[in-house]
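What follows is one structure encoded as structure tokens, with my remarks underneath.
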Amino acid sequence: MFLFLLLENWIPFAPEQGSSVAETVDWLYVFLVSLTIFFGVAISLTIFYFAMRYRRRSDDEYPDSIEGSHKLEALWIGIPFAIVMVIFWWGASVYFTVFRQPTDPLDIYVVGKQWMWKFQHPDGQREINELHVPLGRRIKLTMGTEDVIHSLFVPAFRVKADVVPGKLTSIWWEPIKTGKYELYCAEYCGTKHSGMIGYVIVQEPAEYQAWLSGGAGGGSLASNGEKLFSQLACNSCHKTDQSGRGPALEGRFGKSEALQAGGTVTIDENYVRESIVNPRAKIVAGYDPVMPTFQGLVSEEQLLQLIAYIKSLGDKKPGELPGGTATPTTAQPSAAKPAPEQPKPSTPTPAVPNKK
Amino acid sequence: MIEATEAKLKQVEPRTHYLNANYGIKSWLLTIDHKRIALLYLASITVFFFLGGAFALMIRLELLTPKGDIMTPDAYNKMFTMHGIVMIFFFLIPAIPAVLGNFLLPLMLGAKDLAFPKINLLSWYVYNLGAIFTLYAIIAGGVDTGWTFYTPLSVNSTSQVTPMAVGIFINGFSSILTGLNFIVTIHTMRAPGLTWFRLPLFVWAHYATSLIQILGTPVLAVTIVLLGIERIFGVGIFNASLGGDPVLFQHLFWFYSHPAVYIMILPAMGVISELIAAFSRKKIFGYSFVAFSSLAIAVYGFLVWGHHMFVSSQSVFAGMVFSFLSYFVAIPSAVKVFNWTATLFKGSISWDTPMLYAFGFIGLFIIGGMTGLYLAALGLDVHVHDTYFVVAHFHYIMVGGAVMAYLGGMHYWWPKITGRMYPEGWAKLSALLVFIGFNLTFFPQFLLGYQGMPRRYHEYADHFQVLNVMSTAGASILGVGYVLPMIYFIWSMRYGPIAKANPWPGSGLEWQTSSPPPTENFEETPTVTWDAYEFTKDNSRRYDVVKQGS
Ligand code: HEM
Ligand SMILES: [Cu+2]
């Protein structure tokens, strides 16, 4: 109990324990620190003792030589080996807690960009360098980058993950108390790397709800994705009634699919992302490689909106009318209708992308 | 018999040796004597050490306060990039092999020179050619990518990445040539009777290092060429939007650069083995375990590169494998520490400066090595990766370890190299300053790292300041500790007391010739009938009795 208190507030120079895994990580740290102190002190004292005890008294001293001892060698190879295997096992198990995907998390989408963090909440609120999250939910970030590699790091939560061009990475934590926590970019990303910082603000759920409604933006992520889906004319092939040239997307997310080239793939964020920017990489069995690439036509943020939309279709059956989860805007927007709340895309978005 | 010896003594007095055998700039720049080449390297490397040191002091000065008040973010980024590049590629990697290794290997083997003396000279020129490109890159505006050159940042950067890459590419060949030369020399040029298991551990360490140099450095060369192609032609090897993979660069980079950290530390371990043996007058406990541990480190060193990439989006499975293998590297390092400690048992231990450096090395190496265990522990590395914790870890190993060993070795062999003793009092003072300054500089960085201060930050949150101030204060003490030897070494070349052939005494063949050695190293090829580190009154005085009698 005392030790527990010690850990809670007393590890010198440790950041606050703001997430459910923080304490787990700290225990491993405390174990390693103790080990270091033990071996460091033991060896240093031994050396110091020998160096004093056997200090050279006269210049003519020539001690007898000692060859070595296989028994001792075996001992000091064996014991450290056992110890490091414990560390390995412990480190790996902590890692699994840190990285095992949570069930039913609050999904938040992140885009890193020199030099800011852009967050999008499922209901469409956007923030830059500040992230509000409710207490009592597991928070999952799905992260992409517009330019170079960044790394999202919240010391209080003991989590960090690189954000790598060309794919989506993710990270999650469960906040255990309200507060304002520092957020850093940990992968050197150019001139203002040290300015790419921000805060995570953990609020009581009610407060968070209030914050959400205060800053509500235009439509949920999924509904924005839906608008994009028709603007980009994705729906001309991915028809809900299966009559299009591409597969219907309802009820697919999270499932595994057979591939044309053999093998299977799980339809997850990264697969959806890849299918949009590089559609020919993995073709689902039964379809032709006819989809054009949208590389350069959709920004990283728009990709995330499309993914959020397709994800929201995951619970539906083919044939059901698609619609956003939070704001049910069921009317099918026409392909030409501009979506006013869209962030400015980096390239003008044509209604029908050019075929390559 | 006695008359003959006396006649010989008269004849060699004043003696010719490799330093005064001939004079003039040309006799140095065209020399193929490994000892002179070692001194040429010493000069080049010292320049880079102090250049890298100047960058380091600028970094620490900037970090004295949380705000970026003495330089712009760009300037700061260039500072730490060039500090890293200069220190790693132009100081740490060549330091011990090219200076001490070059000077000592043939002497320790009882050989006249290295196997390929001209290639040896060539490798010094290659080093300097690389250095010219690097200096050009620095003067032309510098590089801001970090010494790791991660893509896509390094592909997009408008700074002098290309000339810098050319410099490092060329420099790599110097490393390969030296490694090749050492391996062939160790295989073919050992004196009669000098079997593999009579070799000093310094030689074993250099053998293992050379293996890494010739196997690993080409990968660096390939990586740099790919980076160049990517910058100039943009073919998309590392560009995701063209179907490439930005993380591929990290794999290639660490496949060389992880073994490269062992290029820096293995020779240092070799030096420490020599120092511990000589200043406790004992054979290294478990000699063959220590010898094989060098080879084990060299081999395992190639299998663990992925531990730099636990949070890089590498798969969980790969993370597990790399973590697991990393722990195997820890064992041979631990073996060395235990064996050095055991060597002291019932020894005759002197507290001369080189031994102080050796003690310092062991202390710092324990901390540096044990914190490696933290970083290899997956779940914990997620938190401390890319923070100051990592910065502290590798400085404990590379600066606390490699530089301590380098300085210890310089003091130990200084009488052999120059024929003069250094001033013991000043040397002890500098060893103390280095030790205190070092710990004050880098220990706080472990704490900063666990608190969460990311590395490569130009500005930082206010609550990190106290530890940063300590670190900067330490750096200035460390700086004094490094400048002192430079001053008294130069002083001693003129005014130091004349050194005996074997002043400590040491047991290796390098001590069985005069100080400084003649150009051809030995007057006659020695025949070895004793094991490494056989310290007996007779052996240690072998040369003194026969040749010098001083
Ligand atoms: C011979 C001793 C060692 C040397 C020379 C050495 C050197 C280094 C260097 C230079 C780096 C940092 C590179 C950079 O990011 O710029 C590093 C990082 C690392 N070292 Fe060591 N190290 C040694 C011992 C160990 C041991 C024994 C282990 C593991 C058991 C270890 C594990 C690590 C890990 C996992 C990292 C990456 C940490 C991160 O980036 O999060 N090291 N080491
Ligand atoms: Cu960044």
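In order, the protein sequences belong to chains A and B. With my numbering as the guide, the letters of the first sequence map in order to residues 1 to 356. With my numbering as the guide, the letters of the second sequence map in order to residues 1001 to 1550. Note that beta-carbon positions come from the ideal geometry of N, C-alpha and C, so glycine has one too. This structure is a prediction, so every number in the text was calculated from the model and none was measured.
Alpha carbon of residue i to alpha carbon of residue j, nearest angstrom
i, j, result
"residue 1264 of chain B", "residue 232 of chain A", "55 Å"
"residue 1036 of chain B", "residue 190 of chain A", "43 Å"
"residue 1192 of chain B", "residue 1110 of chain B", "9 Å"
"residue 1365 of chain B", "residue 1330 of chain B", "12 Å"
"residue 237 of chain A", "residue 1166 of chain B", "50 Å"
"residue 1291 of chain B", "residue 1446 of chain B", "32 Å"
"residue 323 of chain A", "residue 253 of chain A", "Because residue 323 of chain A sits at a pLDDT of 39, beneath the cut-off of 50, its placement in the model cannot be relied upon, and the following sentence gives the value as read from the coordinates. Rounded to whole angstroms, residue 323 of chain A to residue 253 of chain A spans 15 Å at the Cα level."
"residue 1049 of chain B", "residue 1510 of chain B", "27 Å"
"residue 1251 of chain B", "residue 1230 of chain B", "16 Å"
"residue 1017 of chain B", "residue 1524 of chain B", "15 Å"
"residue 1275 of chain B", "residue 1412 of chain B", "7 Å"
"residue 19 of chain A", "residue 157 of chain A", "5 Å"
"residue 268 of chain A", "residue 169 of chain A", "11 Å"
"residue 42 of chain A", "residue 1141 of chain B", "49 Å"
"residue 1240 of chain B", "residue 164 of chain A", "9 Å"
Residue i and residue j closer than 9 Å at C-beta
i, j, result
"residue 194 of chain A", "residue 1286 of chain B", "no"
"residue 224 of chain A", "residue 95 of chain A", "no"
"residue 1258 of chain B", "residue 1097 of chain B", "no"
"residue 1067 of chain B", "residue 66 of chain A", "no"
"residue 1383 of chain B", "residue 155 of chain A", "yes"
"residue 117 of chain A", "residue 131 of chain A", "yes"
"residue 1044 of chain B", "residue 1128 of chain B", "yes"
"residue 1202 of chain B", "residue 1299 of chain B", "no"
"residue 1253 of chain B", "residue 1209 of chain B", "no"
"residue 1359 of chain B", "residue 1371 of chain B", "no"
"residue 364 of chain A", "residue 147 of chain A", "Missing from the structure shown is residue 364 of chain A; chain A here goes from 1 to 356 and no further."
"residue 1076 of chain B", "residue 1059 of chain B", "yes"
"residue 139 of chain A", "residue 115 of chain A", "no"
"residue 1249 of chain B", "residue 1238 of chain B", "yes"
"residue 1448 of chain B", "residue 13 of chain A", "yes"
"residue 1236 of chain B", "residue 1242 of chain B", "yes"
"residue 1335 of chain B", "residue 73 of chain A", "yes"
Same chain, Cβ closer than 7 Å to residue i, five either side skipped, listed in chain order
i, result
"residue 1093 of chain B", "1175, 1260, 1263, 1264"
"residue 1123 of chain B", "1174, 1177, 1178"
"residue 239 of chain A", "248"
"residue 1520 of chain B", "1112"
"residue 293 of chain A", "277, 278, 279, 356"
"residue 98 of chain A", "21, 159"
"residue 1356 of chain B", "1428, 1431"
Close beta carbons around residue i, own chain, < 6 Å, minus the five adjacent residues each side
i, result
"residue 1484 of chain B", "1430"
"residue 326 of chain A", "Summary for residue 326 of chain A: the model assigns pLDDT 37, below 50, so the residue's position carries little reliability; its value from the coordinates is reported in the next sentence. If we look at residue 326 of chain A and ignore the five residues flanking it on each side, its Cβ neighbours are 123, 220."
"residue 271 of chain A", "265"
"residue 1100 of chain B", "1409"
Those residues which DSSP pairs with residue i across a bridge
i, result
"residue 179 of chain A", "A:202"
"residue 113 of chain A", "A:116"
"residue 172 of chain A", "A:140"
"residue 159 of chain A", "A:154"
"residue 126 of chain A", "A:120"
"residue 133 of chain A", "A:202"
"residue 258 of chain A", "A:264"
"residue 106 of chain A", "A:139"
"residue 1454 of chain B", "B:1387"
"residue 1498 of chain B", "B:1420"
Residues near residue i in its chain [Cβ-Cβ closer than 8 Å; skip 5 each side]
i, result
"residue 1496 of chain B", "1418, 1420, 1421, 1422, 1423"
Select from the segment 45-57 of chain A all residues with a C-beta closer than 7 Å to any C-beta belonging to chain B, and list them in chain order.
-> 46, 47, 50, 51, 54, 55, 56
Interfacial residues, the segment 1377-1389 of chain B to chain A, with Cβ spacing under 8 Å = 1377, 1378, 1379, 1380, 1381, 1382, 1383, 1385, 1386, 1387
Taking a cut of 9 Å between CB atoms, which residues from the segment 192-209 of chain A lie near chain B?
-> Shown in chain order are the members of the segment 192-209 of chain A whose Cβ falls below 9 Å from a Cβ of chain B: 192, 193, 194, 195, 197.
According to a CB-to-CB cut-off of less than 8 Å, which residues of the segment 1074-1092 of chain B neighbour chain A?
-> Of all residues in the segment 1074-1092 of chain B, 1074, 1077 have a Cβ within less than 8 Å of some Cβ in chain A.
Name the residues in the segment 1496-1516 of chain B whose C-beta lies less than 7 Å from a C-beta of chain A; which are they?
-> none
When you check each C-beta in the segment 1339-1373 of chain B against every C-beta of chain A, which residues fall closer than 9 Å?
-> 1339, 1340, 1341, 1342, 1343, 1344, 1345, 1346, 1347, 1348, 1349, 1350, 1351, 1355, 1359, 1362, 1363, 1366, 1367, 1370, 1371, 1373
Scan the segment 167-180 of chain A for residues whose Cβ lies nearer than 7 Å to a Cβ of chain B and list them as they occur along the chain.
-> 167, 169
Could you list the residues in the segment 1276-1299 of chain B with a C-beta less than 8 Å from some C-beta on chain A, going in chain order?
-> 1280, 1281, 1282, 1283, 1285, 1286, 1287, 1288, 1289
Contact list for the segment 1137-1148 of chain B against chain A, Cβ threshold 9 Å = Cβ contacts with chain A: 1144, 1145, 1146, 1148.
Residues within the segment 268-283 of chain A neighbouring chain B, beta-carbon criterion of under 8 Å | 277, 278
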